[in-house]
Amino acid sequence: MLTRLTDWLDRLIAVMDTGSLWLARFGGLLILLTVGMVTLEVISRGIWGRSLGASTELSGYVLAISASWSFAHALFRKAHIRIDLVYLRLPLTARAILDLVALASLGLFCVFVAGAVLGVASHSYAQGSLANTPLQTPLWIPQWLWAGGMLWFSAAVTVLLLRVLLALLARQPEQVQRLAGSPTLDDQIESETAEDMP
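The sequence shown begins at 14 in my numbering and counts up one residue at a time.
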């Protein structure tokens, strides 16, 4: 039964990893479009002395949305910042326990943040709140996109936490290291070498 559950979680993690990659790419595309819009704004102000009027507002929305859509990808790539000076000197089992604690802490943080974001978006929708700008954007639109990224990140943390817990219960600290452990210098070098190869 545990084998079937871990296999199912592994498949789910692979699907979520792919989905997270595409969300991060779409967030990057949004940032590139924002760069183009800000460039046009600067040119318009310099040449015609007129502002397009939307770049400041839209760039703020894009920053929040693209960041939240990228968090899960960073999680699966182990790109979140970790202070691992002592961690890397510990035995593998102790590191696996610390990885579980770190994921559980991140999961708890996600619950609070996602709850707050959903509360803000729901309130804006219920009140029909509009941005106090010339565009008068209905605030629930960017806020729900932002919330969607936070919910996806929360789901990714939850699935990874369950998988790490099962690996720890099965006494497989090497699986925990593979899934959630802080990469060693050798791991980072190997990863960079693999990316550079055709």
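Just so you know, even glycine gets a beta-carbon here, dropped at the ideal spot from N, CA and C.
Checklist entry - If you compare alpha carbons, which of D30, H136, G73 and G161 is closest to M50? => result If you compare the alpha carbons of D30, H136, G73 and G161 with that of M50, the shortest gap goes to G73.
Checklist entry - Using the C-alpha atoms, what's the distance from R24 back to S137? => result Linking S137 to R24 through their CA atoms gives a straight-line distance of about 37 Å.
Checklist entry - What residue does the alpha helix (DSSP H) around Q140 start on, and which one ends it? => result It spans L105 to Q140 - the alpha helix (DSSP H) in which Q140 sits, taken as one unbroken run.
Item to check | Rounded straight-line distance, which links the Cα of W21 to that of W159 | outcome: Near 28 Å, if we compare the C-alpha coordinates of W21 and W159.
Next on the checklist: Rounded to whole angstroms, what is the Cα-Cα separation between L71 and L15?
Outcome noted: Rounded to whole angstroms, L71 to L15 spans 47 Å at the Cα level.
Next on the checklist: For T146 and P155, I'd like the C-alpha separation in whole angstroms.
Outcome noted: Cα to Cα, the separation comes out at about 14 Å.
Next on the checklist: Which residues does DSSP list as the beta-bridge partners of P151?
Outcome noted: Beta-bridge pairing links P151 to L143.
Checklist entry - How would you call A85, buried or exposed, if buried means at least 16 neighbouring beta carbons within 10 angstroms? => result Burial call: buried.
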